[in-house]
Every structure is written in structure tokens, then in C-alpha cells.
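2 protein chains.
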Amino acid sequence: MPKIVDHDARRRHIADAVHRIVHDKGMESVSLREVAAEAGMSMGAVQYYVTTKEQMLLLALERIGMWIGERVAAVTARQPTPLDVLRTTVLELLPLDEERRFLNRVGLAFQASSVVNENQAAAMRLGYAHLLAFLTEQIRAAQAAGQLAAGLDAGKEASILYAFAQGVVNAALVGHYTPQEVTALLDEHLGRMSAGPLPMI
Amino acid sequence: MPKIVDHDARRRHIADAVHRIVHDKGMESVSLREVAAEAGMSMGAVQYYVTTKEQMLLLALERIGMWIGERVAAVTARQPTPLDVLRTTVLELLPLDEERRFLNRVGLAFQASSVVNENQAAAMRLGYAHLLAFLTEQIRAAQAAGQLAAGLDAGKEASILYAFAQGVVNAALVGHYTPQEVTALLDEHLGRMSAGPLPMI
DNA sequence: GTTTTTACCATGCACTCGCATGAGAAAATG
DNA sequence: CATTTTCTCATGCGAGTGCATGGTAAAAAC
Chain A
1 MPKIVDHDAR RRHIADAVHR IVHDKGMESV SLREVAAEAG MSMGAVQYYV
51 TTKEQMLLLA LERIGMWIGE RVAAVTARQP TPLDVLRTTV LELLPLDEER
101 RFLNRVGLAF QASSVVNENQ AAAMRLGYAH LLAFLTEQIR AAQAAGQLAA
151 GLDAGKEASI LYAFAQGVVN AALVGHYTPQ EVTALLDEHL GRMSAGPLPM
201 I
Chain B
1 MPKIVDHDAR RRHIADAVHR IVHDKGMESV SLREVAAEAG MSMGAVQYYV
51 TTKEQMLLLA LERIGMWIGE RVAAVTARQP TPLDVLRTTV LELLPLDEER
101 RFLNRVGLAF QASSVVNENQ AAAMRLGYAH LLAFLTEQIR AAQAAGQLAA
151 GLDAGKEASI LYAFAQGVVN AALVGHYTPQ EVTALLDEHL GRMSAGPLPM
201 I
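If you're matching them up, the sequences are chains A and B in order.
Under this note's numbering, the very last position in the first sequence is 201; numbers go up by exactly one each time.
Under this note's numbering, the very last position in the second sequence is 201; numbers go up by exactly one each time.
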């Protein structure tokens with residue numbers, strides 16, 4: 001048979017183009033033509049790998065979720081204690097450098113889009129559940145290690161922590177928090193959960 | 001001169017139509033024709049009161065800000081203590097009933113839109129600053145009344161509290177927190193700030 | 001009455017949209 | 001070689017987009 005093409009690679013290429021457009025000009029600027037141009041391919045080629053615009057957006061959303069998951073997994077692997085893992089994980093979710101800022105801009109756009117698109121909402125809930133489960137797990141580990149008060153409801157703490165992180169992201173993206181301010185806010189919040197003083201990293 | 005028309009009322013009418021469309025079908029479904037149909041007027045009439053789509057969206061955003069401001073002002077007026085005002089204000093910002101859910105859906109859409117639209121971002125920052133100043137003020141009052149620890153940095157606490165609230169809103173809109181869960185999370189967070197146990201309302 | 005100012009509407013224009021179609025290029029198989 | 005399968009492209013279609021224009025109703029001013 002003919003030309004062997006890595007379909008998955010093509011899809012990734014398309015999804016990345018979608019991400020860049022969403023980041024630069026917003027969700028409403030995403031069109032098949034614009035994506036094709038950004039991806040450096042013809043519109044027909046895009047249509048070959050993606051049957052509909054809706055599916056294309058869903059693909060882009062799912063890949064954002066994977067991207068975040070990979071980042072979190074990679075960084076947390078090399079932290080000494082559960083509380084360090086927890087703090088670093090949340091920091092990983094905040095717009096503290098260009099790449100995370102990029103991820104968060106695109107993420108916020110999809111968050112808003114998910115409100116009126118049930119398929120996208122389902123994908124978001126999935127990533128949300130994973131992240132929340134991971135945070136809960138780390139809080140439990142920190143409790144077991146004596147780094148967090150044993151009396152805390154780990155699930156509830158995870159919800160609050162993640163809500164706080166998301167809120168900071170929103171504010172940072174539209175307002176103008178500096179990375180330092182964002183980090184300071186997080187540590188203030190974590191310090192309130194923590195049994196003792198926060199370890200410096 | 002001729003037909004006396006309340007321009008401001010017309011603008012409000014148009015803005016409300018924009019809100020309903022954003023709420024029901026999302027930001028990307030907003031078009032002059034759609035808005036005109038939703039507002040029950042001709043496209044020409046809409047154009048008469050709003051010179052451009054961009055301006056129309058900005059108008060709609062500003063009116064959302066006013067709406068929230070009015071709600072907050074109205075409710076907080078009849079609270080006994082500063083801490084009650086604080087709690088009630090934050091509750092006012094959460095999607096706990098149909099109207100607040102409506103406000104938050106539209107608000108989140110504009111938040112995302114503001115990321116790639118500097119005029120909208122400026123309007124959002126304005127509302128953000130007002131709300132944050134108000135929260136800070138209430139925290140200070142609560143400290144003066146002995147309801148919150150005097151050592152807290154009121155401004156920082158307000159930032160954290162508002163970030164938390166925004167994050168809960170995001171999660172509630174796309175996920176499925178019930179109003180009870182949302183309220184429980186808030187009280188958990190407030191309880192951590194508070195010197196003593198939370199008063200029941 | 002006529003004039004003047006305000007409010008409104010229908011329509012046109014150039015453009016973009018998502019999607020469908022059919023033709024053709026490219027490469028492995030027979 | 002020819003055939004078959006995979007991939008790519010250009011183009012067309014109907015619909016929708018923001019915005020501009022010219023005309024028209026209507027009411028106050030004269």
C-alpha cells in the first residue's frame with residue numbers, strides 16, 4: 001500500500017496548530033482554513049485527518065489534558081517529600097513561565113467553551129477528576145508523613161487547593177499578577193494547611 | 001425634535017440579549033443578526049445604538065460588571081457583622097441559583113474572551129479591583145471587630161479568597177458541584193481564616 | 001403647513017464559514 | 001508494467017459574517 005503516514009503525528013500537528021491559534025487570537029479565530037494555514041498544510045489534508053471542526057476542537061482539548069498530565073508526572077517524580085510533590089504539582093499548573101502561560105491561556109479558552117459543549121465538558125471533567133485524585137493522594141501521603149494535620153479531609157482539601165489554583169490562573173491571565181505574587185499566594189495558602197513551616201525549595 | 005428614546009434603555013436591552021446568547025450558545029454564537037433577533041429588533045436598530053460588534057461586547061461586559069456590583073451591594077447591606085458581609089459577598093459570586101449561574105456562565109465566557117482582547121481585559125481588571133478592594137475592606141473590618149486574626153494581611157487574604165471563589169465557579173460550571181458542596185467548600189476555607197468557629201446564617 | 005432631527009429598516013457588498021466532491025499524486029503490491 | 005490503496009488538493013456550494021448605504025417613518029420645531 002501507499003504513502004505510510006503516522007496518523008497520530010498528523011493529528012498532533014493539527015492539534016498544536018489549534019493550540020497556537022487559540023492562544024494567539026482566541027477560540028473564535030479557530031477555523032479549518034486558519035488551522036490549515038497555521039499547520040502548513042492544505043485544508044483538504046486537515047479534513048482528511050479530522051472529519052469535523054467539533055472533533056478537531058475535542059482533539060485539541062484532549063491533547064491539552066495529556067500535556068498537563070505529562071508535565072505534572074514528570075516534575076513530581078523528582079520531589080523528596082509528599083508536601084514538596086503537592087506544592088510543585090500546583091506550581092506546575094500556574095502560569096509561571098511561557099509554556100505554562102500558553103497552556104493556561106488555551107486551557108481557559110476551552111474551559112469557557114466547555115460550558116456550552118457537553119462533549120468538551122466531559123473531557124474536562126475527566127482531566128479534572130485525574131488531577132483531583134492525584135492531589136488527594138498526595139495530601140494523604142503528606143498526612144501519613146506528618147507534614148499535614150491528620151484531621152484534614154484530604155478530598156476536600158484537594159478541591160479547595162485546586163479551586164484556589166484555578167482562580168489564581170484566571171486572575172493572572174486577565175489581570176497582572178507576577179510569578180512572584182502568584183507563588184507567594186500559593187505558599188500562603190499551603191502554609192495554612194501545613195502543620196509546620198513550609199520547607200524552602 | 002422627534003421620537004424620544006431612552007438610549008440607555010435600548011443599550012441595556014441589547015446587552016441583555018447578548019448575555020442570553022452567550023449563556024445559551026456561547027460567545028462564538030454572538031452575531032449582530034443573532035442579537036437583533038434575540039432582542040426583537042431589526043439589525044439596523046442594533047447598529048444604530050452600537051456602532052460595532054466589538055463595542056457591543058464591551059458594553060455587555062461592562063453591564064455584567066455593574067450587575068454583579070449591584071447584587072453585592074444590595075445583599076451585603078443587610079448583614080449584621082463584617083464576617084457575615086464577607087461570607088455573603090463571596091456566596092453572592094458563586095453559582096448557587098439560576099441567576100448567579102447565569103451571571104457566572106456569561107462571566108466565564110468574557111473572562112476567556114478578555115485574554116485575547118485588551119479592551120475587555122481592562123474592563124475586567126476594573127471590576128476585579130473594585131471587588132478586591134471591597135473584600136479587603138471587609139476583612140479589615142472583621143479584624144477590627146475581632147472576628148479575624150489581626151495578624152492577617154487583608155489584601156493577601158482577599159486575593160486568596162477571591163481566587164478560591166473564582167476557581168470554585170470554574171469547577172462548578174463545567175463539573176458538577178452542587179450548591180451544598182460549593183457552600184461547604186467556602187465555609188471550610190473561611191473557617192481556616194477565622195479566629196473562632198463560623199457563625200451559622 | 002414645511003422643515004428638521006431622530007429613529008429605524010431593508011438591502012447590498014465583500015468576505016469567511018464548515019463541509020462535500022471529484023480529480024489526481026504517490027507509493028506499495030500484483 | 002499496471003493496479004490498488006492511501007493521501008492530498010483545489011474548488012464549489014449554500015449559508016452566515018460585519019458593516020455601509022440610502023431610504024423612510026415619525027415627531028418636535030418653526
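Just so you know, even glycine gets a beta-carbon here, dropped at the ideal spot from N, CA and C.
Since the model is a prediction, treat every value here as computed from it, not as a measurement.
In the stretch 3 to 76 of chain B, which residue ranges form an unbroken alpha helix (DSSP H) of at least 4 residues, counting only runs that do not cross its ends?
7 to 25, 32 to 39, 43 to 49, 53 to 76, all fully within the stretch 3 to 76 of chain B.
At a Cβ cut of 7 Å, what residues of the stretch 12 to 32 of chain A count as close to chain B, listed as they run along the chain?
Listed in sequence order: Lys25, Gly26, Met27, Glu28.
So, helix, strand or coil for Leu132 of chain A, using DSSP?
Three-state result, Leu132 of chain A: helix.
Anything in chain A within Cβ reach of Ile160 of chain B, meaning under 8 Å, just list it in chain order.
Phe164, Leu185, Glu188, His189, listed in chain order.
Output yes if chain B places a C-beta closer than 9 Å to the C-beta of Asn170 of chain A; else output no.
It does: the Cβ of Asn170 of chain A has a partner Cβ on chain B nearer than 9 Å.
Anyone know if the C-beta pair for Thr136 of chain B and Gly107 of chain B falls short of 9 Å?
No, the pair does not count as a contact, with Cβ atoms beyond the cut-off.
Name the chain A residues whose beta carbon is nearer than 7 Å to that of Gln79 of chain B?
Within 7 Å Cβ-Cβ: nothing; Gln79 of chain B doesn't reach chain A, min ~23 Å.
Helix or strand or just coil, what does DSSP make of Val115 of chain A?
Note: Val115 of chain A maps to helix in three-state DSSP.
Is the beta carbon of Gly65 of chain B sitting closer than 9 Å to the one on Ala9 of chain B?
No.
Within 9 Å (strictly less), CB to CB, does Leu59 of chain B reach chain A?
So, not an interface residue.
Closer than 7 Å by beta-carbon distance: list the chain A residues that pair up with Leu86 of chain B, in chain order.
Those within 7 Å of Leu86 of chain B in chain A number zero; the least Cβ separation is about 16 Å.
So which residues of chain A does Tyr49 of chain B contact, with C-beta pairs closer than 9 Å?
Within chain A, no residue comes near Tyr49 of chain B; the closest Cβ sits about 23 Å away, beyond 9 Å.
Kindly list the residues whose CB is nearer than 6 Å to the CB of Phe110 of chain B, restricted to its own chain and excluding five residues on each side of it in sequence; keep chain order.
If we look at Phe110 of chain B and ignore the five residues flanking it on each side, its Cβ neighbours are Leu61.
Which residues, taken in chain order from the stretch 90 to 115 of chain A, show a beta carbon closer than 8 Å to some beta carbon of chain B?
Going along the stretch 90 to 115 of chain A in chain order, one finds Arg105, Leu108, Ala109, Gln111, Ala112, Ser113, Ser114, Val115 with a Cβ nearer than 8 Å to chain B.
Can you find a C-beta in chain B that's less than 9 Å from the C-beta of Ala195 of chain A?
For Ala195 of chain A, the predicted model reports a pLDDT of 41, less than 50, meaning its position is unreliable and no value from the coordinates is stated.
Going along the chain, which residues of its own chain have a beta-carbon closer than 7 Å to the beta-carbon of Met43 of chain A, five neighbours each way excluded?
Here the set comprises Leu32, Arg33, Ala36.
What residue range does the alpha helix (DSSP H) around Tyr162 of chain A cover?
First-last of the alpha helix (DSSP H) with Tyr162 of chain A: 154 to 174.
Quick check on Ile4 of chain B: buried or exposed, where buried means 16 or more other Cβ atoms within 10 Å of its Cβ?
The residue in question, Ile4 of chain B, is exposed, as its Cβ has fewer than 16 Cβ neighbours within 10 Å.
Taking all protein chains shown into account, do 16 or more other C-beta atoms lie within 10 angstroms of the C-beta of Tyr177 of chain B, making it buried, or fewer, making it exposed?
Tyr177 of chain B should be labelled buried.
Taking the C-alpha atoms as reference points, what is the distance between Gly40 of chain B and Tyr49 of chain B?
If I take the Cα positions, the gap works out to 14 Å.
Would you say Gly44 of chain A reaches chain B, if we count a Cβ-Cβ gap shorter than 9 Å as a contact?
Chain B, which has no Cβ nearer than 9 Å to the Cβ of Gly44 of chain A, makes this no.
Among A:Leu186, A:Ala149, A:Ala171, which one has its Cα closest to the Cα of Arg125 of chain B?
That would be A:Ala171, whose Cα lies nearest to the Cα of Arg125 of chain B.
Kindly indicate which three-state DSSP category Arg209 of chain B falls into: helix, strand or coil?
Nothing about residue 209 of chain B can be read from this structure; chain B reaches only from 1 to 201.
On the three-state DSSP scale, how would you describe Pro199 of chain A?
Caution is warranted here: a pLDDT of 37 is assigned to Pro199 of chain A, below 50, making its placement in the model unreliable, and the coordinate value is therefore given only provisionally. Coil, per DSSP.
Name the residues in the stretch 116 to 130 of chain B whose C-beta lies less than 8 Å from a C-beta of chain A; which are they?
Within the stretch 116 to 130 of chain B, the residues whose Cβ lies closer than 8 Å to some Cβ of chain A are Val116, Asn117, Ala121, Met124, Arg125, Tyr128, listed in chain order.
Among the candidates B:Ala141, B:Ala144, B:Ser114, B:Ala184, whose CA atom is the shortest distance from the CA of Glu157 of chain A?
It is B:Ala184 whose Cα lies nearest to the Cα of Glu157 of chain A.
So, under 8 Å CB-CB, Glu38 of chain A and Ile160 of chain B are touching, yes? Tell me the CB distance rounded to an integer number of Å.
38 Å between Cβ atoms; not a contact.
Exposed or buried, which one is Asn104 of chain B when buried takes at least 16 other CB atoms within 10 Å?
Counting Cβ neighbours within 10 Å, Asn104 of chain B comes out buried, since at least 16 surround it.
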